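Here is the structure we will look at, set down as structure tokens.
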Amino acid sequence: MTQNSHNSESTSSSESHPDLLVIDDPSTPEDRRLTHKRIWLRIPKLYQKEPVISKLVSQHGITVNINSALLSSESKSDGWFELELRGTAQQIDSAIVYANELGIETVPDLGDRDEGW
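So the sequence shown is numbered by UniProt numbering: it starts at 1 and just counts up by one.
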């Protein structure tokens with residue numbers, strides 16, 4: 001009789017699926033809970049030809065929905081965007097910090113409320 005050195009409790013994903021890379025994830029389920037936040041973003045004229053919103057998505061892993069925008073290529077004033085950001089709280093906070101570090105003003109939508117998704 002051969003004895004199996006692995007019981008069902010100790011079999012990892014990489015053993016049952018050898019092509020998968022197993023990474024220890026120290027985050028709690030609350031850290032991975034999806035949420036959303038509505039904000040207003042004021043983009044200075046200096047950044048109006050830069051992919052600022054695109055970088056929020058690609059560098060911070062969030063989904064961005066543009067609800068409204070005030071922007072003109074011929075205007076000398078700043079552009080305003082009403083955005084809905086979706087992702088984990090950490091991803092959203094990271095994206096907002098990135099925008100603020102560029103000097104882009106972010107204003108929370110005071111009518112925003114977490115609908116629990």
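We treat Cβ as the ideally placed atom computed from N, Cα and C, and that holds for glycine. The structure displayed is predicted, hence computed values, not measured ones.
Point to revise | For N7, three-class secondary structure by DSSP | key: Because the pLDDT of N7 is 46, which lies under 50, any placement of that residue in the model is unreliable, and the question is left without a value.
Exercise for review: Measure the beta-carbon distance from T106 to I39 and round it to whole angstroms, keeping in mind my assumption that it falls under 8 Å.
Suggested key: Sure, about 5 Å apart at Cβ, within 8 Å.
Point to revise | Whole-angstrom C-beta distance between G61 and L71, which should lie under 8 Å | key: Not a contact, Cβ separation roughly 25 Å.
Check your understanding: Thinking C-alpha only, which one of R32, K55, Y47 is nearest S77?
Key -> Relative to the Cα of S77, the nearest Cα in the group R32, K55, Y47 belongs to Y47.
Exercise for review: For T11, I'd like the list of residues in its chain whose CB is within less than 7 Å of its CB, leaving aside the five on either flank, ordered along the chain.
Suggested key: Note that T11 scores a pLDDT of 46, beneath 50, so its modelled location is shaky; the value from the coordinates is reported in the next line. For T11, where only same-chain residues beyond five positions count, there are no Cβ hits under 7 Å.
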